[in-house]
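Peer 1:
Chains as they are written, first to last, in the working numbering: chain A, 11 to 739; chain B, 168 to 277.
Structure (structure tokens):
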């Protein structure tokens, strides 16, 4: 035993252990014939001995144990019942296996003696119930092949990187020497084959020896990764088209890596392939550039281009795409929207509102006590609170696209009904705004779209006569503009006729015959109640109720609406809306020790001066602002009618504008901008005149938010009607 | 003069006396082209004095080989210098040109 090599010694030990375990299991089976663990351990013993023997070339052992294993496999699968007879045969097999292995261990090169061979055959016959002659040899071969398969693969001669280098014409002139790169490549691995082609070679007479005509295809075996190999040619990049095709064995490697990629986020195909090292960034960038440069409409996808260009094998690309799809689905499932109870969201927004208020209160205290060291902390917190506020408001934001797409159906149905050909184009559907605003804007939008359909777009015959395409177009567009959302409804129809509008307005007594109006003022008249330019009303629109309602609805959302039109060219209605209704930028004023908030967007200007300098006409109730007649309202008087109070020496005038209407509020003091969290008033106060809501100030005081629209109306009522008209239009 | 020809029964033996690099590729090409005429049956290039060869030089050799096949004359490369052998080894070109390469006894591979 002394001259047995260590591997064989290990083998012998292993066999001893396995056979001992097998014997124990077999004996155990006599008691409990169906014990799966026992059967498994017997099977494992035979299987492992077969495998190990194969490694050492003990073919006879392999042949014998193979038969035993086959039978045991059937037993394991329940195809053959194990009985006392089989157990005894298996015990004999175990002894026999030990015997033949002993023989090989001690008489290495001698063939198995005939007696043992006979015993093998007899046992196999007993095991399988077949004649002993069908012994092991063929299956031995098979098994052997099985065991060495792995080795065969690794030495496969085709397992090379294939590097293609196509040098450009000027490569040599630019100081490149292709040979030097190949020389350097040698340091990374073994060059197995080089094919040199000169595809663009001209006739020898025309050939310029300073041009480079050489293309190389190099079969290269190396353990380096793609990056490293690519780096070899780093300096040649500009003068050479390089493709590096990984060897087939790498493919497996890449596929494995792809499978192992984390599935937490969707990546682009290129990114994935770079991550696993199948592609380098340069290759991706290059291919993408090419893709962009291709003007062809049906550009190929990246994966296809990579395969076409021989940068990567098809299976890797396919696998990557599959992986990408899988991740996409998974992520989609995960990142699906969470449905949140609107009430909870509302509660959160409320809390954030409170937070903003207490933030302001803290700010106040810090300033009051002049705590400079607290100042930094307070500022940081204010920033955070602002961020939280913005994020919380974001939660309520929805895309307007869904609202827009609903109009596709409206347009389709109505155009059919009217015998017109109209298409709806939607842009900016991804613009977001507050859910409440979206809900409330739906009706006005419907009205405007129907208007365009009905009045705007002409019949096909009319359109052709006007030299326009038969098919009319209505565009819905939305975009964000300085904290507000702008929605445009435009059509390429016949446009508004200013003369008709003026005539109608005069007939209705809205304007005077000789009044000079600007174009936009004229267009704005369509928002006046009772004005429709359509001679006869259809069931869609034209009854003159509508545009004024649209305007009112929009202004109720603190938005504004304007019209622009070109006769014969089309009409555009533009709506400006605030993004949210919960928190606004306010302007704080004080009158009679009471604080009021005016929405900042409605403040036009502030004039501060001594009251005696003002040209206030108390009887006519207007103020002369640089020659302009302006209705005004003393906020103090308005809200504290019964209180007797003295006017302070200095008063301020805040000029507010709502739509086109203007008015002045006379206040005692201006406090400046303020972030206002709008708190709706309770049921009891809902119908209060002139107040739209309330807010809590940092100091804990309550300030009322003015309903500017209502107040302007009120101010106008006090003024002589003729004056009011000229100032409001 | 880069090369000087010895004419003998349609067999030209030309020793290349200079480096085969981009710097003299132009003149080398002119010279070699000069030998590619109808009367040439075999062109022998003696490369023993080529101390340096680069891609441009290699390109000319490949070109000449292709031209020889086209025109039906034989190109033989003789007495490859170390520099030539090195790139032939690198690019496994020995088989392509098919000329016996004699590796000198004092061959030292750098």
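Where is the CB? At the ideal position from N, CA and C, for every residue including glycine.
Going by DSSP, what residue range makes up the beta strand (DSSP E) through residue 595/A?
Peer 2: Stepping through the first chain from its first residue, residue 595/A is reached at position 585. Residue 595/A -> beta strand (DSSP E) spans 593 to 601.
Peer 1: Just to confirm, is the Cβ distance from residue 255/A to residue 321/A under 8 Å?
Peer 2: Translated into positions along the first chain, residue 255/A becomes position 245. Translated into positions along the first chain, residue 321/A becomes position 311. In this structure, residue 321/A lies closer than 8 Å to residue 255/A by Cβ.
Peer 1: Any beta-carbon of chain B closer than 8 Å to the one on residue 188/A?
Peer 2: Position 178 of the first chain, counting from 1, holds the residue named residue 188/A. Closer than 8 Å to some Cβ of chain B, the Cβ of residue 188/A qualifies, so yes.
Peer 1: Pick out whichever of 463/A, 269/A, 296/A and 94/A has its Cα sitting closest to the Cα of residue 280/A.
Peer 2: Position 270 of the first chain, counted from the first residue, corresponds to residue 280/A. Cα-wise, what sits closest to residue 280/A is 296/A.
Peer 1: Using CA atoms only, rank isn't needed, just tell me which of 293/A, 336/A and 439/A is closest to residue 268/A.
Peer 2: Residue 268/A sits at position 258 when you count from the first residue of the first chain. Of 293/A, 336/A and 439/A, the residue nearest in Cα terms is 336/A.
Peer 1: In the stretch 213 to 228 of chain B, which residues sit with their C-beta less than 8 Å from some C-beta in chain A, listed in chain order?
Peer 2: 221, 222, 223, 225, 226 and 227
Peer 1: Taking C-beta to C-beta, are residue 435/A and residue 502/A nearer than 8 Å?
Peer 2: For the purposes of this step, residue 435/A is identified with residue 425 of the first chain, where counting begins at 1. For the purposes of this step, residue 502/A is identified with residue 492 of the first chain, where counting begins at 1. For residue 435/A and residue 502/A, no; Cβs fall outside 8 Å.
Peer 1: Quick one: which residues of the stretch 249 to 262 of chain B get their C-beta closer than 9 Å to a C-beta of chain A? List them in chain order.
Peer 2: Correct list: 253, 254, 257, 258, 259 and 260.
Peer 1: Quick check: the stretch 517 to 536 of chain A against the stretch 599 to 608 of chain A, are at least 3 beta-carbon pairs closer than 8 Å?
Peer 2: no
Peer 1: Between which two residues does the alpha helix (DSSP H) harbouring residue 420/A extend?
Peer 2: If you number the first chain from 1, residue 420/A lands on position 410. Start and end: 411 to 428.
Peer 1: Grouping DSSP H, G and I as helix and E and B as strand, with all else coil, what is residue 557/A?
Peer 2: Here the question's residue 557/A lines up with position 547 in the first chain. DSSP places residue 557/A in helix when its eight states are reduced to three.
Peer 1: Between the C-alpha atoms of residue 634/A and residue 672/A, what's the straight-line distance to the nearest angstrom?
Peer 2: Looking up residue 634/A in the first chain gives position 624. Looking up residue 672/A in the first chain gives position 662. Taking the straight line joining both Cα atoms gives about 13 Å.
Peer 1: Listing by chain order, which chain A residues have their CB less than 7 Å from the CB of residue 192/B?
Peer 2: Your numbering for residue 192/B matches position 25 in the second chain. In chain order: 219 and 220.
Peer 1: Thinking residue 328/A and residue 315/A are a contact (beta carbons under 8 Å), I'd like their distance in whole angstroms, please.
Peer 2: Locating residue 328/A in the first chain gives position 318, where the first residue counts as 1. Locating residue 315/A in the first chain gives position 305, where the first residue counts as 1. Wrong, their Cβ atoms sit about 14 Å apart, outside the cutoff.
Peer 1: Relative to the alpha-carbon of residue 212/B, which residue among 254/B, 267/B and 180/B has its alpha-carbon at the smallest distance?
Peer 2: What you label residue 212/B is simply residue 45 of the second chain in a count that begins at 1. That would be 180/B, whose Cα lies nearest to the Cα of residue 212/B.
Peer 1: Is it true that the CB of residue 599/A sits closer than 8 Å to the CB of residue 679/A?
Peer 2: Along the first chain, one-based indexing puts residue 679/A at 669. Along the first chain, one-based indexing puts residue 599/A at 589. Closer than 8 Å, so yes.
Peer 1: Report the residue from 49/A, 46/A, 24/A and 34/A whose alpha carbon sits nearest the alpha carbon of residue 59/A.
Peer 2: Translated into positions along the first chain, residue 59/A becomes position 49. It is 24/A whose Cα lies nearest to the Cα of residue 59/A.
Peer 1: Should the stretch 636 to 652 of chain A be called in touch with the stretch 560 to 572 of chain A, which here means at least 3 C-beta pairs below 8 Å?
Peer 2: no
Peer 1: Kindly indicate if chain B contains any beta-carbon less than 8 Å away from that of residue 244/A.
Peer 2: What you label residue 244/A is simply residue 234 of the first chain in a count that begins at 1. Closer than 8 Å: no.
Peer 1: Rounded to whole angstroms, what is the Cα-Cα separation between residue 221/A and residue 201/B?
Peer 2: Stepping through the first chain from its first residue, residue 221/A is reached at position 211. Stepping through the second chain from its first residue, residue 201/B is reached at position 34. The straight-line gap from Cα to Cα measures roughly 20 Å.
Peer 1: Is the CB of residue 183/B under 8 Å away from at least one CB in chain A?
Peer 2: Position 16 of the second chain, counting from 1, holds the residue named residue 183/B. Chain A, which has no Cβ nearer than 8 Å to the Cβ of residue 183/B, makes this no.
Peer 1: Of all the alpha helix (DSSP H) runs that stay within the bounds of the stretch 11 to 87 of chain A, which reach a length of 4 or more residues?
Peer 2: 16 to 41, 46 to 66 and 69 to 86
Peer 1: Cutting at 6 Å between CB atoms, please list the residues of its own chain near residue 234/A, excluding the five before and the five after it.
Peer 2: Within the first chain, residue 234/A is the residue found at index 224, counting from 1. Result list for residue 234/A: 198, in chain order.
Peer 1: Would you please verify whether the beta carbon of residue 265/B is less than 8 Å from any beta carbon of chain A?
Peer 2: Working through the second chain from its first residue, we reach residue 265/B at position 98. Taking a beta-carbon distance threshold of 8 Å, residue 265/B does not count as an interface residue toward chain A.
Peer 1: Of all the CB atoms in chain B, is at least one closer than 8 Å to the CB of residue 206/A?
Peer 2: For this step, residue 206/A is matched to residue 196 along the first chain. Yes, because at least one Cβ of chain B sits closer than 8 Å to the Cβ of residue 206/A.
Peer 1: Tell me, please, whether the CB atom of residue 114/B is closer than 8 Å to any CB atom in chain A?
Peer 2: There is no way to answer for residue 114/B, as the model of chain B reaches only from 168 to 277.
Peer 1: Would you mind stating whether residue 370/A and residue 707/A have Cβ atoms separated by less than 8 Å?
Peer 2: As a position in the first chain, residue 370/A is number 360, starting the count at 1. As a position in the first chain, residue 707/A is number 697, starting the count at 1. Yes, these two residues count as a Cβ contact at 8 Å.
Peer 1: According to the neighbour-count rule (16 or more other Cβ atoms, all chains shown, within 10 Å of its Cβ), is residue 548/A buried or exposed?
Peer 2: Numbered from its first residue, the first chain carries residue 548/A at position 538. Residue placement at residue 548/A is flagged as unreliable, the pLDDT there being 49, under the threshold of 50; a coordinate-derived value is accordingly withheld.
Peer 1: Does DSSP classify residue 707/A as helix, strand or coil?
Peer 2: Translated into positions along the first chain, residue 707/A becomes position 697. Three-state result, residue 707/A: coil.
Peer 1: By the three-class DSSP mapping on this structure, what secondary structure does residue 216/A have?
Peer 2: Counting from 1 along the first chain, the entry for residue 216/A is found at position 206. Correct three-state label for residue 216/A: coil.
Peer 1: Under a Cβ-count criterion, where at least 16 other Cβ atoms within 10 Å of its own Cβ denotes burial, should residue 416/A be classed as buried or exposed?
Peer 2: As a position in the first chain, residue 416/A is number 406, starting the count at 1. It is exposed - the Cβ of residue 416/A has fewer than 16 other Cβ atoms within 10 Å.
Peer 1: Whole angstroms is fine: what's the gap from residue 189/A's alpha carbon to residue 194/B's?
Peer 2: One-based indexing of the first chain puts residue 189/A at position 179. One-based indexing of the second chain puts residue 194/B at position 27. Roughly 21 Å between the two C-alpha positions.
Peer 1: With a cut-off of 8 Å, does the C-beta of residue 167/A fall near any C-beta of chain B?
Peer 2: Residue 167/A sits at position 157 when you count from the first residue of the first chain. Unreliable positioning characterises residue 167/A in this predicted model, as indicated by a pLDDT of 47, which lies under 50. The coordinate reading is nonetheless provided below. Residue 167/A does not count as touching chain B.
Peer 1: For residue 104/A and residue 266/A, what's the separation of their Cα atoms in angstroms?
Peer 2: Against the first chain, residue 104/A aligns to sequence position 94. Against the first chain, residue 266/A aligns to sequence position 256. Those two C-alpha atoms are separated by around 40 Å.
Peer 1: Please check the pair residue 567/A and residue 587/A, which I expect to be a contact at CB under 8 Å, by giving their CB distance rounded to whole angstroms.
Peer 2: By one-based count along the first chain, residue 567/A stands at place 557. By one-based count along the first chain, residue 587/A stands at place 577. That belief holds up - the Cβ atoms of residue 567/A and residue 587/A are roughly 6 Å apart, short of 8 Å.
Peer 1: Shorter than 8 Å from the beta carbon of residue 268/B to some beta carbon of chain A?
Peer 2: As a position in the second chain, residue 268/B is number 101, starting the count at 1. Chain A, which has no Cβ nearer than 8 Å to the Cβ of residue 268/B, makes this no.
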